[in-house]
Amino acid sequence: MISKYLCKENHFVFLVYCKPWLGRESRKRRKRWCRERRRWRKETFQKVVYTDEVQLQVGSGTGWRRKVGRKPGPQFAYKAQNFQPTFIGELLSVGFWAAFSYGNHTPLIPLCKWTENERKSEKDQLGFNSNQYVHEILVPHLLPFYVKCEGLGGGC
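Laid out in structure tokens, this is it:
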């Protein structure tokens, strides 16, 4: 009975979108980054090399997603109350890194996390540390890609 009334009023039940949790400061920095570049021309964006990394979890979560009642359409779907934050846990996770620019990209590079046995000194952090980032990502992958794109002057 209630669901029929809600349908007549253009309200339906949808699964929430899962997304990484962003704190207040992260949201502010992202908005500032966008505002500072809102007048950039298409040609300017084509000269930028972007990088990103992702952690994929195997077997994470509780296996359920919250449902929300809302009107259909993207203007309602992407409101904060219709998202379910995700958090990286201690389960099996695999990381990848890639760079991309206008018309080109690197392959996906697996991020190999150090284990306790691979630690060379007490200062070495486990996981993926800055020394690894320089020697396993920046030097062999990002710098050649940047040169291929002719620095910021060319685009790929």
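What the sequence shown shows, in our numbering, is residues 1 to 156, in sequence order. Built from N, CA and C at the ideal position, the CB exists for glycine as well. Bear in mind that the values here come from a model prediction, so they are computed numbers and not experimental data.
Based on DSSP bridge pairs, tell me the residues matched to residue i.
| i | result |
| --- | --- |
| residue 147 | BP columns for residue 147 are empty, so no partner. |
| residue 55 | 95 |
| residue 101 | 104 |
| residue 109 | 97 |
Tell me which same chain residues have a C-beta within less than 8 Å of the C-beta of residue i, skipping the five on either side of it?
| i | result |
| --- | --- |
| residue 11 | 69, 70, 71 |
Considering only C-alpha positions, which residue in the set the options is nearest to residue i?
| i | options | result |
| --- | --- | --- |
| residue 54 | 135, 122, 98 | 98 |
| residue 94 | 144, 108, 25, 81 | 108 |
| residue 111 | 96, 147, 37 | 96 |
| residue 45 | 128, 100, 120 | 100 |
| residue 50 | 105, 4, 41 | 105 |
| residue 129 | 79, 102, 114 | 114 |
| residue 81 | 102, 40, 21 | 21 |
| residue 43 | 5, 67, 7, 102 | 102 |
Can you give the Cα-Cα distance for residue i and residue j, rounded to whole angstroms?
| i | j | result |
| --- | --- | --- |
| residue 118 | residue 140 | 21 Å |
| residue 75 | residue 13 | 15 Å |
| residue 150 | residue 52 | 20 Å |
| residue 36 | residue 27 | 14 Å |
| residue 24 | residue 78 | 17 Å |
Taking 8 Å as the threshold (beta carbon to beta carbon), is residue i in contact with chain D?
| i | result |
| --- | --- |
| residue 38 | Among the chains in the structure shown there is no chain D, since it carries only a single protein chain. |
Validate contact between the stretch 133-148 and the stretch 26-34 using beta carbons, cut 8 Å, 3 pairs: no
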